[in-house]
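In the working numbering, the protein residues as written are 174 to 570.
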C-alpha cells in the first residue's frame, strides 16, 4: 500500500493492540483484551486517514504471548517512521510510555504463566516457572535500558546508580485485580563483550491474595500426608520445613496453617511472621517483618509472646537469636513452625547446633522435619510414567 496506517510502539504497548493485516481491501487489528472504546477510536482514525478509499476494518483477539513477540519485532526495527519524531519531548514521552507498557506486559504474562521470578540479564528476559528458568524474550539495548529505568523509578531507587547493589519493591494489580507485591534486586555485573558494567535484575512476584494449596494437593504420599497432619495436631514443640530457595517451604507452611485453622474451630490463636507475607491466610494473624527498619524476626517473635499464641509460624530462621528464641517458644508450650535452608533432616539439626542451640535441647524440642524440593511438571509426569511401567512389568513377571 502506498499510504500505510501506522501505530506507534508506545500506543501499541499501552493499549495492547497491533496491526496484523493491512491491504487495500482490509485492515485487521489484534487486541489482547476486548475494548469497545478502543475499537471505535481505531475505526475513526482509519476512516480519517484513508478517507473515501477506507478498507474494511476487522478486529480479532490476540494471545498475550503472541502480542509480546510481535511488539518486540516492531522495537527491533530501526525504521524511524514507526516512531513520531516531531519533537525531542514527544520522543522522550513515548519512550517512557513504551517502557511502562512493556513492563506491564511482562508482569501480566508472568502472572499468566504462574512465574515466581522475572530475570533481566543484559538483553535477555527469563521467567522462572515451576523452579526452572525459561527464556522469554530478547530485548533491544535501548528498550532494555528504558525498562531498567522504569523498574528503578517504581521501586524508588537511584536511577543513575549502576555500580552498587540496590533493593526495592513496588506493587501492581495482577489477575482478578489482585495486588501483587514485587521485590526488586539490582546487582552490577561485568558485560562479557567489553568489560562494561551492566545490571542483573530479578523481580520476585508475590501474589498475597492467591489461596495457598491444600495439604492434599502438595504431592505428599499418603503416609507422608498423614505424618504432616499429625505434626499439625502437636500441642507444642518445633517443626522445621527445609529446602532450597524457591522449593515451596512457605507454601507448605501456609497449607499447614490453613489446615490447623480449618480443624481447630477457632480454638487456636495462629500467628505468622513473614518477610513479606506470601499468602493471605484466613484466621491467621499475619505480621510482616521490616528488616531495613530494625524490626526483624527476633524482635517480632518476642512481641508475639505477649499475644497469647498457640501456633507461631516463622518465615525463616536466619540467625542465632531467632533460632534460640524459636526454641524457647517451643519449650514454653507453643507449636512453632519454621523454615530453614537445608537439604536434609540431619543438616537441619546441625544448623540449629551452629546457631548455638544445645543438642540436648534440640532433641527435646524437635517434633518433626519436612524436607522438600520443587519438582517440575514434566519431571513429575515422567516419574509417574516410570512407576506405572515398573508396576506393569512387576505384574507380568
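Just so you know, even glycine gets a beta-carbon here, dropped at the ideal spot from N, CA and C.
- From residue 485 to residue 271, what does the alpha carbon distance come to, in whole angstroms? 45 Å
- Identify whether residue 317 lies in helix, strand or coil by the three-state DSSP scheme. helix
- Would you report the Cα separation of residue 489 and residue 397, rounded to the nearest angstrom? 23 Å
- Task: Give me the Cβ distance between residue 430 and residue 538, rounded to the nearest whole Å; I'm assuming they're in contact under 8 Å.
- Result: Contact flag wrong, Cβ pair sits at about 20 Å.
- Message: I'd like the span of the beta strand (DSSP E) that includes residue 361, first residue to last.
- Response: 352-363
- Item | Whole-number beta carbon distance between residue 300 and residue 291, since they are thought to touch under 8 Å | 6 Å
- C-beta atoms of residue 510 and residue 407 nearer than 8 Å: no
- Task: Pull up the DSSP beta-bridge partners for residue 346, would you.
- Result: 352
- Message: Beta-carbon within less than 6 Å of residue 205's beta-carbon, same chain only, minus the 5 sequence neighbours each way: which residues are those?
- Response: 189, 235, 237 and 240
- Task: Give me the Cα-Cα distance between residue 355 and residue 281, rounded to the nearest whole angstrom.
- Result: 13 Å
- Query: So, using beta-carbon positions, are residue 279 and residue 323 closer together than 8 Å?
  - Reply: no
- Tell me where the alpha helix (DSSP H) around residue 426 begins and ends. 422-437
- Message: Once DSSP output is grouped into helix, strand and coil, what is the label at residue 291?
- Response: strand
- Please confirm whether residue 436 and residue 456 have their CB atoms less than 8 Å apart. no
- Query: With 16 as the cutoff for other CB atoms within 10 Å, does residue 422 come out buried or exposed?
  - Reply: buried
- Per DSSP, cross-strand counterpart(s) of residue 203: 191 and 233
- Query: Looking at the structure shown, is residue 541 part of a helix, part of a strand, or coil, going by DSSP?
  - Reply: strand
- Item | residue 404 - DSSP class collapsed to helix/strand/coil | helix
- Go ahead and pull the three-state DSSP assignment for residue 530. coil
- Item | Cβ neighbour criterion (16 or more within 10 Å) applied to residue 447 | buried
- Are the CB atoms of residue 572 and residue 328 nearer to each other than 8 Å? Past the edges of the chain, shown from 174 to 570, lies residue 572, and the structure says nothing about it.
- Just mark residue 505 as buried or exposed, buried being the case when its beta carbon has 16 or more other beta carbons within 10 Å. exposed
- Identify the continuous beta strand (DSSP E) that holds residue 302 and give its terminal residues. 297-302
- Item | Contact between the region 522-539 and the region 387-394 (3+ Cβ pairs under 8 Å) | no
- Is the beta carbon of residue 229 less than 8 Å from the beta carbon of residue 198? yes
- Item | Bounding residues of the alpha helix (DSSP H) (the contiguous stretch that carries residue 445) | Element bounds for residue 445: not the alpha helix (DSSP H) but the beta strand (DSSP E), 443-447.
- Message: Helix, strand or coil for residue 394? Go by DSSP, reduced to three states.
- Response: coil
- Does DSSP put residue 185 in a helix, a strand or coil? helix
- residue 432 classed as buried or exposed, judged by whether at least 16 other C-beta atoms fall within 10 angstroms: buried
- Message: Which residues does DSSP list as the beta-bridge partners of residue 460?
- Response: 446
- Task: Using three-state DSSP, classify residue 179 as helix, strand or coil.
- Result: coil
- Item | Outcome for residue 203 when other beta-carbon atoms lying within 10 angstroms are tallied against a minimum of 16 | buried
- Message: I'd like to know whether the C-beta atoms of residue 449 and residue 379 end up nearer to each other than 8 Å.
- Response: yes
- Message: Buried or exposed, going by whether 16 or more other CB atoms sit within 10 Å of the CB of residue 416?
- Response: buried
- Under a Cβ-count criterion, where at least 16 other Cβ atoms within 10 Å of its own Cβ denotes burial, should residue 347 be classed as buried or exposed? buried
- Item | Helix, strand or coil at residue 473 according to DSSP, with G and I counted as helix | helix
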